[in-house]
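One structure below.
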Amino acid sequence: MRFSENRKVAFVALALCVVISLFGFGGMGLARERGKVLKVYDRGTEPDLDIRHSMDAYLDAAAEKAQEMVSEAELYIGKTQTTQKVADLAALVADSDLDTRYQAWTDLKGAVDGLYNAVQRATDSDQFAQFKIAYRDFNGAKDKIEKDEYHRLAADYNGLIGSFPGGLVATVTGQGTLNTFGG
Amino acid sequence: MNNRKALRLAICFAAALALMCAPALAKVVSAGTDFFYLDNANVMSEALEGEIYFCNQLLDKACGAQIVVVTIDTTGTEAIDDYAYDLFNKWRIGDQKQQNGLLILLAIGDDNYYVLPGTGLESRFSAGYIGEYVDEYLEPNFASGDYEAAVKKFFEAVFARVADTYDANVTVSQGVDAYKKFVAANSESDSFGGYEWTGGHARGDESEESGGSAMLGFVIVLIIILVVVMAKRNSRRRAVRRPIVSDDTATMIMADQLLRNASRTARPPHIIPTRTAPGYRPFSFGAPSTPRSSRPTVSRPSSGFSGGGLFGGGSSSSSRSSGGSHFGGFGGGHGGGGGTRGGGVGRGRH
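Chains as they are written, first to last, in my numbering: chain A, 11 to 193; chain B, 3 to 352.
Structure, rendered in structure tokens:
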């Protein structure tokens, strides 16, 4: 029997092709797509700008403003459960992996509004000007997070792995969906 | 039968396309004759428009920054921050490199406003500080319904701040002086003080929906025409089978064609090549098609560009003066290529 007619060899070759196709072309291709999206998350779509404009930068800015709000709020209402919660969540948003940041961010938005209401109840609106500035800056960062290009790219990637054959490759190679931060 | 089927398909496709495109066609207004202001809600006087225009001229020249004021009746179903975001990026406010535009959007009918800085300006004049200016200069008069005063005070305050931020040596009074000189140079009256302005205001195109619908209608008609033409071409091709003909028949056909061509002007006669190989088929009995010269393209100004008015050049396809603005504009203007990523300040605590 010729080598090319050997059934065992044919099966081995087929299995090899399937593995290379799955993990090589499919898996590496998906990983490359995921990498592109994460690059936009980290550096934005215009990395040459003087100031960073990316999801990562906006989340850092939002966390910083939330911490400022806590510092200002403690002048009026002291250390409370609300201020502690905001501080903890801001710390998580500032420095953790994407998934943890996503969860912390989702909670932080509500917590910040709660803190604002608490301070507003406790003081005259003329008095907490610095707090209000920080709050508006926080909302500015929140607005930019919601409008960032990252969401569209992440949604496209999630759509890719949500359908066949991307879903199969993603399951086999262990690549999950990317969280969008309310965009 | 196939023609009808193709036509039905085309109509269904066009209808589906229309339905899909309808939400996408909910648009923001286009820039007015003079780019720096657009008073669709008719709350600003011509003097204020002139002040805004000439102050912006100076600021734009000094540092590329642009502060655009837009008043509209309503943003419709769209949230004001999204509307402002779309408008800012459509008009491309501010310098392209510095991204230092600022949009002041007032939706009078909605009792709402939104102030949105460009990407570059936002880092120097953040939402928090814009909010302070809003609280002090815009909100009090806006709440009482004095929109002209609200816009004037706020514009002057942010103008000074932006000029200071970019070390542009320009002031509001210089802009006002430039406006007064313009008025004196163009006024019909001999004296400035005695003249009473009666005109309306330069308005942008409010009928974005009709503009968008016209475009969609055109697309639909084009699709239908294309499909019908293609269907007819297919059916004609199927109907006409070109048999192999003998030399005598070919000669007769050629003579007939020559006679027909003689009655037409400027068409060369079609020459059938002599039969050189067995089984050769004449490929065409009709007149050859002459290549058509391509239509010269008309360049149109890009979105956001607006020239026109009394002294400016070019024209915008979507803006017009209505009701007789006194001067028909101050001289035109256009966006500098700037953009924003959001992060503005709206009414209320946000």
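The beta-carbon is built from N, C-alpha and C at its ideal position, and this holds for glycine as well.
In three-state terms, what does DSSP make of residue i?
i, result
"P175 (chain A)", "coil"
"Y115 (chain B)", "strand"
"D148 (chain B)", "coil"
"G103 (chain B)", "strand"
"H63 (chain A)", "coil"
"G201 (chain B)", "Caution is warranted here: a pLDDT of 37 is assigned to G201 (chain B), below 50, making its placement in the model unreliable, and the coordinate value is therefore given only provisionally. Of the three classes helix, strand and coil, the one that applies to G201 (chain B) here is coil, per DSSP."
"A33 (chain B)", "coil"
"Q94 (chain A)", "helix"
"Y168 (chain B)", "coil"
"A81 (chain B)", "coil"
"A109 (chain B)", "strand"
"G39 (chain A)", "helix"
"L40 (chain B)", "strand"
"D107 (chain A)", "coil"
"V300 (chain B)", "Confidence at V300 (chain B) is low in this model, with a pLDDT of 42, below 50, so its placement is unreliable and the value that follows should be read with caution. Three-state result, V300 (chain B): coil."
"G186 (chain A)", "coil"
"A279 (chain B)", "Any reading at A279 (chain B) must be qualified, since the residue scores a pLDDT of 47, below 50, and its modelled position is unreliable; the value itself is stated next. Looking at A279 (chain B) - three-state DSSP - the assignment turns out to be coil, as it is neither helix nor strand."
"D153 (chain A)", "helix"
"T173 (chain B)", "coil"
"I95 (chain B)", "coil"
"V347 (chain B)", "strand"
"G120 (chain B)", "coil"
"G124 (chain A)", "helix"
"V70 (chain B)", "strand"
"G334 (chain B)", "coil"
"G34 (chain A)", "helix"
"G339 (chain B)", "strand"
"V28 (chain A)", "helix"
"P57 (chain A)", "coil"
Under 9 Å between beta-carbons, which chain B residues line up against residue i? List them in chain order, please.
i, result
"I143 (chain A)", "S128, A129, G130, Y131, G133 and E134"
"D105 (chain A)", "Neighbours of D105 (chain A) on chain B: none; closest Cβ ~22 Å, over 9 Å."
"D147 (chain A)", "S128, A129, G130, Y131, G133 and G345"
For residue i and residue j, what's the separation of their Cα atoms in angstroms?
i, j, result
"D117 (chain A)", "D123 (chain A)", "10 Å"
"D166 (chain A)", "S237 (chain B)", "42 Å"
"S31 (chain A)", "A25 (chain A)", "10 Å"
"A159 (chain B)", "F35 (chain A)", "58 Å"
"L125 (chain A)", "P119 (chain B)", "26 Å"
"A180 (chain B)", "D52 (chain A)", "47 Å"
"F144 (chain B)", "A71 (chain A)", "31 Å"
"G176 (chain A)", "G45 (chain A)", "15 Å"
"I171 (chain A)", "S64 (chain A)", "24 Å"
"C57 (chain B)", "V164 (chain B)", "12 Å"
"S125 (chain B)", "G333 (chain B)", "31 Å"
"E134 (chain B)", "V174 (chain B)", "20 Å"
"E82 (chain A)", "F141 (chain A)", "6 Å"
"V31 (chain B)", "E80 (chain B)", "13 Å"
"E84 (chain A)", "F138 (chain A)", "11 Å"
"A186 (chain B)", "N127 (chain A)", "54 Å"
"V71 (chain B)", "A233 (chain B)", "51 Å"
"L178 (chain A)", "R42 (chain A)", "16 Å"
"E156 (chain A)", "E78 (chain A)", "21 Å"
"E15 (chain A)", "V22 (chain A)", "12 Å"
"D66 (chain A)", "N149 (chain A)", "16 Å"
"L99 (chain A)", "A114 (chain A)", "6 Å"
"G111 (chain B)", "A151 (chain B)", "17 Å"
"K29 (chain B)", "T77 (chain B)", "10 Å"
"E56 (chain A)", "Y168 (chain B)", "23 Å"
"A170 (chain B)", "K99 (chain B)", "16 Å"
"D109 (chain A)", "S173 (chain A)", "22 Å"
For residue i, return the contacting residues in chain A, with the cut-off set at a CB-CB distance below 8 Å.
i, result
"G331 (chain B)", "Those do not exist, as G331 (chain B) stays about 33 Å from chain A at its closest Cβ, beyond 8 Å."
"Y87 (chain B)", "K157"
"D179 (chain B)", "Correct list: empty, because the minimum Cβ distance to chain A is about 34 Å."
Assuming residue i and residue j are in contact, meaning their beta carbons sit under 8 Å apart, how far apart are those beta carbons, in whole angstroms?
i, j, result
"H161 (chain A)", "T190 (chain A)", "5 Å"
"D147 (chain A)", "S128 (chain B)", "5 Å"
"L60 (chain B)", "V172 (chain B)", "4 Å"
"L123 (chain B)", "N102 (chain B)", "4 Å"
"G348 (chain B)", "Y149 (chain B)", "About 16 Å separates the two Cβ atoms, so there is no contact after all."
"A73 (chain A)", "A104 (chain A)", "4 Å"
"L188 (chain A)", "V50 (chain A)", "Contact doesn't hold; Cβ gap of about 11 Å is too wide."
"G345 (chain B)", "K154 (chain A)", "5 Å"
"F157 (chain B)", "I54 (chain B)", "6 Å"
Please compile the residues from chain A whose C-beta is within a distance smaller than 7 Å of the C-beta of residue i.
i, result
"T121 (chain B)", "H63"
Residues of chain A with CB under 9 Å from residue i, in chain order?
i, result
"R94 (chain B)", "The premise fails here: R94 (chain B) is roughly 15 Å from chain A at the closest Cβ pair, so nothing lies under 9 Å."
Quick one: list the residues of chain B neighbouring residue i, beta-carbon separation under 8 Å, in chain order.
i, result
"G150 (chain A)", "E124, S128, A129, G130, G344, G345, G346 and V347"
Output needed in chain order: residues of the region 152 to 164 of chain A with a Cβ under 8 Å from some Cβ in chain B.
The residues in question are D153, K154, E156, K157 and D158.
Can you give me, in chain order, the residues of the region 71 to 87 of chain B that have a beta carbon less than 9 Å from any beta carbon in chain A?
Taking a C-beta cut-off of 9 Å against chain A, the contacting residues of the region 71 to 87 of chain B are D83, D84 and Y87, listed in chain order.
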